[in-house]
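Chains as they are written, first to last, in the working numbering: chain A, 1 to 103; chain B, 104 to 206. Here is the structure we will look at, set down as structure tokens.
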């Protein structure tokens, strides 16, 4: 008889770790490409606002956006506070980057 | 004859703005769902590391990860520094969140 394999052996755990890391690498690639496309869209919005008489910000839209993203996060079992924090960081970095680019 | 429409009229610009915002909303939904799945993966990694004798961090992997993401960003015309900053923020927030959850 062959040695019974334990599902919690360190070798199994290491194999599971390798699979999780491969998934994390795939997800990070999605994040990078989504950020790249989001950045192109916000650049286009910035160009539109700069060349036309459009309001620089829309507090009603921003409030609706945040409420929607928090709901999406909750539905996906992600802490809404965590989701809002990350999205706010991205939004602030995008604003900084656009400002630096214009300067 | 009807009034000739200017491609740069404010009405056109507003219509373009609406389209860009719809794309940004879609991209933000991708970001939220990708973050939710990434968080599930890192939770599984944390559980594996806690119950098995696995090294808590792997500097060689982390260095390789960052180099790969910077290259992906450059290929997608996204500033690699911006990409690294956002990913580092996500990684740090995930670590904080996991630590708070364990405490």
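Where a beta carbon is used, it is the ideal one built from N, C-alpha and C, also for glycine.
Asked	Found
For the alpha helix (DSSP H) that contains residue 112 (chain B), what are its first and last residues?	Careful: residue 112 (chain B) lies outside any alpha helix (DSSP H) and carries neither H nor E.
From the beta carbon of residue 62 (chain A), is the nearest beta carbon of chain B less than 8 Å away?	no
With a threshold of 8 Å between beta carbons, is residue 133 (chain B) in contact with chain A?	yes
Name the chain A residues whose beta carbon is nearer than 8 Å to that of residue 136 (chain B)?	72, 76
From which residue to which residue does the alpha helix (DSSP H) around residue 172 (chain B) run?	162–178
If the criterion is Cβ atoms closer than 8 Å, does the pair residue 127 (chain B) and residue 38 (chain A) meet it?	yes
Tell me, please, whether the CB atom of residue 160 (chain B) is closer than 8 Å to any CB atom in chain A?	no
Taking only the alpha-carbon atoms, compute the straight-line gap between residue 66 (chain A) and residue 9 (chain A) and give it to the nearest angstrom.	44 Å
Roughly how many angstroms lie between the CA atoms of residue 182 (chain B) and residue 97 (chain A), to the nearest whole one?	9 Å
List the whole-angstrom C-beta distance separating residue 189 (chain B) from residue 14 (chain A), where the pair is believed to meet the contact cut-off of C-beta under 8 Å.	No, residue 189 (chain B) and residue 14 (chain A) are not in contact; Cβ-Cβ is about 30 Å, not under 8 Å.
According to the neighbour-count rule (16 or more other Cβ atoms, all chains shown, within 10 Å of its Cβ), is residue 197 (chain B) buried or exposed?	buried
Beta-carbon of residue 90 (chain A) versus every beta-carbon of chain B: anything under 8 Å?	yes
What residues from chain A crowd round residue 127 (chain B), counting only those whose CB sits closer than 8 Å?	38, 41, 42, 45
Under the three-state reduction of DSSP, which class applies to residue 156 (chain B): helix, strand or coil?	coil
Pull up the distance between the alpha-carbon of residue 5 (chain A) and that of residue 12 (chain A), whole angstroms please.	Residue placement at residue 5 (chain A) is poorly supported in this model, since its pLDDT is 46, which falls under 50; the coordinates still yield a value, given next. Distance between the alpha carbons of residue 5 (chain A) and residue 12 (chain A): 9 Å.
Counting only beta-carbon separations shorter than 8 Å, does residue 16 (chain A) have a partner in chain B?	yes
Which whole-angstrom value describes the C-beta separation of residue 163 (chain B) and residue 172 (chain B), a residue pair presumed to lie in contact below a C-beta threshold of 8 Å?	Not really, about 15 Å apart at Cβ, beyond 8 Å.
Between the Cα of residue 157 (chain B) and the Cα atoms of A:100, A:99, A:92, A:17, which residue gives the shortest distance?	A:17
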